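Notes follow the structure.
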Amino acid sequence: MTHVKKKTSLMQSTKYEAQRWERWMCTTTQSSPTACVTVKPGRHGYVPAASCNANWDYDVTVELAILFTVLFGVSFSIHLVQAAYFKKFNLAWPLLVGLAWELSSFALRTTGALDQQNRSHATAALVLSIIAPVWINVFHYVLLGRMVTVFVPDAKVFRVQGSRVALAFVCLSVEVLLLEGSAAILLSPGNSADRRRIGAKVMMAGVACQQAYMVVSAIFAARFHYRAVQLKKEKYPLPMFRPWSTTLATLYLSLALMTARNVFRLVQFAGGLDVGDSSVVSQEWCFYTF
Numbered sequence: 369m370t371h372v373k374k375k376t377s378l379m380q381s382t383k384y385e386a387q388r389w390e391r392w393m394c395t396t397t398q399s400s401p402t403a404c405v406t407v408k409p410g411r412h413g414y415v416p417a418a419s420c421n422a423n424w425d426y427d428v429t430v431e432l433a434i435l436f437t438v439l440f441g442v443s444f445s446i447h448l449v450q451a452a453y454f455k456k457f458n459l460a461w462p463l464l465v466g467l468a469w470e471l472s473s474f475a476l477r478t479t480g481a482l483d484q485q486n487r488s489h490a491t492a493a494l495v496l497s498i499i500a501p502v503w504i505n506v507f508h509y510v511l512l513g514r515m516v517t518v519f520v521p522d523a524k525v526f527r528v529q530g531s532r533v534a535l536a537f538v539c540l541s542v543e544v545l546l547l548e549g550s551a552a553i554l555l556s557p558g559n560s561a562d563r564r565r566i567g568a569k570v571m572m573a574g575v576a577c578q579q580a581y582m583v584v585s586a587i588f589a590a591r592f593h594y595r596a597v598q599l600k601k602e603k604y605p606l607p608m609f610r611p612w613s614t615t616l617a618t619l620y621l622s623l624a625l626m627t628a629r630n631v632f633r634l635v636q637f638a639g640g641l642d643v644g645d646s647s648v649v650s651q652e653w654c655f656y657t658f
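Heads up: the sequence shown begins at 369 in this note's numbering, then just goes up one per residue.
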């Protein structure tokens, strides 16, 4: 009789534990309505962005990736030849590094488009595409400092030496590089939602810092512009008659394009990381435009 009671008690206990487990499973399922599922890869390994095994937010167009790889390859080659011909590697090295990283990013994007289940290629392409423009910004600052040194008699703007202007902005760019680089790693495919959210916040902070430094550099450039025009009116001798205005106009244009890119990044990460949160995330043309 005692044995029967113990057996009945054990069965009731087991049933109770099973009910608790069932209730926990129901609660977990209800609290995670957006839980992803693994989908069988299609052509080039493509799966919908909401899938567990998705590495891209859309089906990457191979032809576009190849086109931009070729374009950046041509641009890098031209600038490399120019730097060698004019012996200006000390001035052009940040631009060459930025172009090399952009070229590598699109080359990896091409291989990633052909094998969209390759997470390492998707991660490397993302990281390089995010931090490569920082090197282009460094070139802006080096170029601005060089222009102040060459074209202004006392080599100063706002009473600051041109070389120090460049050095200060380059040091600030290192901060931006670290912020955006760490954010890109956190945003990489395969990371948890919490890490990606942290990465988005860090990325927005890095982009905001980058834009703030660009605005300050534009103010320095405008001040240089004013001084250069005044010196030209005074018929200051060479080198003021060199085509500084064309170089400065190119600098203004590049800063404006970089600003558009930063605005895009802020909108992209402020709107959410999931495809359903923002149309910017799911549109491939946005990536290539900005």
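Glycine included, every Cβ here is placed at the ideal spot set by N, Cα and C. Just so we're clear, the structure is a prediction, and the values are computed from it rather than from any experiment.
Check, Outcome
"Determine which residues share a DSSP beta bridge with Gln-720 and list them.", "The chain is shown from 369 up to 658; residue 720 falls before or after that span and cannot be answered."
"Beta-carbon within less than 6 Å of Arg-391's beta-carbon, same chain only, minus the 5 sequence neighbours each way: which residues are those?", "Residue confidence for Arg-391 is low, a pLDDT of 47 falling below 50, so the modelled location carries little weight; the figure read from the coordinates is stated next. Excluding positions up to five away in sequence, the list is empty."
"Here's the rule: buried if 16 or more other CB atoms are within 10 angstroms of the residue's CB, otherwise exposed. What is Phe-454?", "exposed"
"Quick one, which of Ser-531, Ala-523, Val-538, Ala-624 has its alpha-carbon nearest Ala-596's?", "Ala-523"
"Indicate whether at least one CB of chain B lies closer than 8 Å to the CB of Pro-557.", "Absent from the structure is chain B; it holds one protein chain and no more."
"Count Cβ pairs between the region 576-589 and the region 622-632 that sit closer than 8 Å; are there 3 or more?", "yes"
"Could you check if Phe-436 is buried or exposed, using at least 16 other CB atoms within 10 Å of its CB as the buried criterion?", "buried"
"Assuming the contact rule is C-beta atoms closer than 8 Å, Leu-540 and Gly-574 should be a hit. Round their C-beta distance to whole Å, please.", "No, Leu-540 and Gly-574 are not in contact; Cβ-Cβ is about 11 Å, not under 8 Å."
"Can you check whether the CB of Gly-413 is closer than 8 Å to the CB of Gln-485?", "yes"
"In terms of residue numbering, what span does the alpha helix (DSSP H) encompassing Gly-530 cover?", "530-554"
"Check whether the Cβ atoms of Leu-545 and Val-510 sit closer than 8 Å, and answer yes or no.", "no"
"Could you check where the alpha helix (DSSP H) with Asn-630 kicks off and where it finishes?", "612-638"
"Could you name the residues that DSSP lists as bridge partners for Val-525?", "Val-528"
"In the structure shown, what three-state DSSP assignment does Lys-408 receive?", "coil"
"With distance defined between alpha-carbon atoms, name the residue in Pro-611, Asp-483, Phe-474, Thr-517 nearest to Leu-496.", "Phe-474"
"Compare the C-alpha of Leu-508 against each of Asp-425, Phe-537, Phe-526, Val-525 and name the closest.", "The sequence shown places His at residue 508, rather than the Leu named in the question. Out of Asp-425, Phe-537, Phe-526, Val-525, Phe-537 has the C-alpha closest to the C-alpha of His-508."
"Please check the pair His-447 and Leu-464, which I expect to be a contact at CB under 8 Å, by giving their CB distance rounded to whole angstroms.", "6 Å"
"Could you please give the first and the last residue of the uninterrupted alpha helix (DSSP H) stretch that includes Trp-424?", "That residue, Trp-424, is in no alpha helix (DSSP H); it is neither H nor E in DSSP."
"Take the Cβ of Asn-505 as the centre, count every other Cβ of all protein chains shown within 10 Å, and call the residue buried at 16 or more, exposed below.", "buried"
"Gly-558 by DSSP, collapsed to three states: which one?", "coil"
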